[in-house]
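To start, the structure itself, in structure tokens.
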Amino acid sequence: MESKVSRRQFLRLVGGAAGAAALAACAAPMAPAGSGEEAMSTEKIVIRYAGLDGMGARVEAFMLPWVEDNGYELERGAFGQQELTDKIMQSVATDTYLADIFQFPSNARADVINAGALQEIPQEVLEAIDFEDVLPGIVNTLSWEGKIYALPYDGDIHYYSFRKDLFANEDINSRFKDNYGFDLSPDTGAVTWDQWRNICEFFTGWDWNENGEDDDFGAACMTKRGDTLWWGFNSRATAYAKHPDDDAYFIDLDTGEARLNNPGFVRALTEWVEEMQNWAPPGGTNFTYGDSLNAMNGGRVAQTYNWDAVTSATSPETSVIQGLQGYNILPGSHEVFNSKSGEWDYFEVPSHAPFHAFGGWVIAVSAQVDELAYDAVWGFVTHLTKPESGLAFVTDLTGASPYRFSQMEAVEEFATGPLQLGEEVAMDYLNAARETLDHPNAVTDQAFGGWVQYRDALELGVSKALANELPPQDALDEVAAAFNEISERMGGLQHQAELYARTLGK
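When you line the sequence shown up against mature numbering (1 follows the signal peptide of the UniProt record, and there is no 0), it's residues -27 to -1, 1 to 479, in that order.
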């Protein structure tokens, strides 16, 4: 039998001061279901929302006028990133109510949807939010076996970002070309990872930021285990390990065997270790996402790759490089390892495999939505995800990234709105976003069951290589073995291969 928790239990589930603050102004407890038509007509409708703390606060601020105009109340439960997914899974496993609306990472969709935690999105809602305007790469993160279970909020992907002003400097470019035989491009930055490496080396060890200090380096990346190393490493590896003629990347679609220790991944890790040890700021082999952003925005490194670089780089409170940063898809490679043939294939035009890192935050309705609030809940998510609302989020200082065709055309809003990108940077950013999301060889983030276990296994192995505890090949051999063990526990290699195919829309 379905079990719904009281407000006190909800507070315990959300935990801490954030949960207490969210519930402090709420109305008296609701009457039990079936208490009569009169009670139903006078009951205050409360919408309960569970989301990431900071991002949920932005949603709350945006939605409160709509909530108040309709005479509803909103209770927001604030969670940490992994805690949120765990709470959703816990509520399903124990058949308890957590919230009406979930905001969760799309790469947890296999676990959450397969657990029966979500309602399928009604067709009338899809029509109301102009779902056909959502890019196919994002639609995949909202879907399972051809059905839509979530609505878009954020087009999280990794962008390559670089210092346009430095790359356009004639003196710097002349010196660079003398060393490496090609020009720095302020339009594209590094087109291949070989070029990235040349740029890393060149910009390390001299005072190009002209502050009189020895704090100038080539690049900074997210490398810290337990933070964002999973995404940092995979973005570095996809160009070598994702072949254009093969849909699979993490595991083999036929056998379920892990691919993490093949030569493509090993080359990526070998190069990454060298880059982070020699051409990144001190501590660069153990950088958090925030550390890598701060190094770029503080003018200490010439290039990086990450998520909401636009938001942080444009804020005068966090950045000294406003308007100086260019954007592109992740660098590619002339050589790509072919897992089917076991050989490296050469491409005259560099092969790119941009990583849909994380895949974005999504909005979904609980299968245990409160009956009294049912219509209000669907009204809430419809208003939150309609085109006008989406444009407001992605063009403000929210960290949300574009995900609609119409947003990719909104150059003026990105150029002159709250982000104040200017036309040139806005066009760079939107072109990079669309090319990444539309790319035929893009890599979808891992979303088959048990992804947290896989993430932890990869981060452990890669961190050993970054710390010189193991050679890259040995470290990735450990990762591949751990992947296979996890797959066996999750139902078998073949079972996981089938789930993987579903996440790819196969």
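Virtual Cβ for every residue (Gly too), placed ideally from N, Cα, C.
DSSP, read as helix, strand or coil, puts TRP351 in helix. Per the coordinates, the alpha-carbon of HIS325 lies some 44 angstroms from the alpha-carbon of TYR347. For the 7 angstroms CB-CB criterion, THR291 and ASN270 form a contact.
DSSP places THR114 in no alpha helix (DSSP H); its state is neither H nor E.
Around the beta carbon of THR67, a 10 Å sphere encloses fewer than 16 other beta carbons of the protein chains shown; the residue is thus reported as exposed. SER460 is not bridged by DSSP to any residue.
Taking all protein chains in view, the Cβ of PHE77 is crowded by 16 or more other Cβ atoms within 10 Å, so the residue is classified as buried.
For the set TRP204, PRO38, ASP187, the Cα lying nearest the Cα of MET195 is the one of TRP204.
Under the criterion of beta carbons closer than 8 angstroms, ALA474 and ARG82 do not qualify as touching, at roughly 14 angstroms.
In the three-state scheme derived from DSSP, where H, G and I count as helix and E and B as strand, TRP317 is classed as strand.
LEU47 carries a strand assignment under DSSP once its states are collapsed to helix, strand and coil.
Put simply, of VAL40, VAL32, SER436, GLY390 the residue whose alpha carbon is nearest the alpha carbon of ALA349 is VAL40. Under the Cβ criterion (8 angstroms, minimum of three pairs), the stretch 295 to 308 counts as touching the stretch 405 to 415. The beta carbon of ILE121 is closer than 6 angstroms to those of ILE94, LEU115 in its chain, skipping five residues each way along the sequence.
ALA399 is the residue among PHE104, ASP418, ALA399, MET381 whose C-alpha sits nearest the C-alpha of ALA388. Residues of the same chain with a CB within less than 7 angstroms of the CB of ASP156, apart from the 5 flanking positions on each side, are ASN146, LYS150 in chain order.
Residue state for GLY333 is assigned as coil, using DSSP reduced to three classes. For THR69, the secondary structure class from DSSP, reduced to helix, strand or coil, is strand.
GLN276 sits in a strand when the DSSP states are folded into three classes. Look at the beta carbons and you see the stretch 361 to 376 not touching the stretch 312 to 328: under three pairs across the two are nearer than 8 angstroms.
A direct Cα-Cα distance of roughly 21 angstroms separates SER339 from PHE331. Excluding the 5 residues flanking it on each side, GLU396 has same chain C-beta neighbours closer than 7 angstroms at VAL384, ALA388, in chain order.
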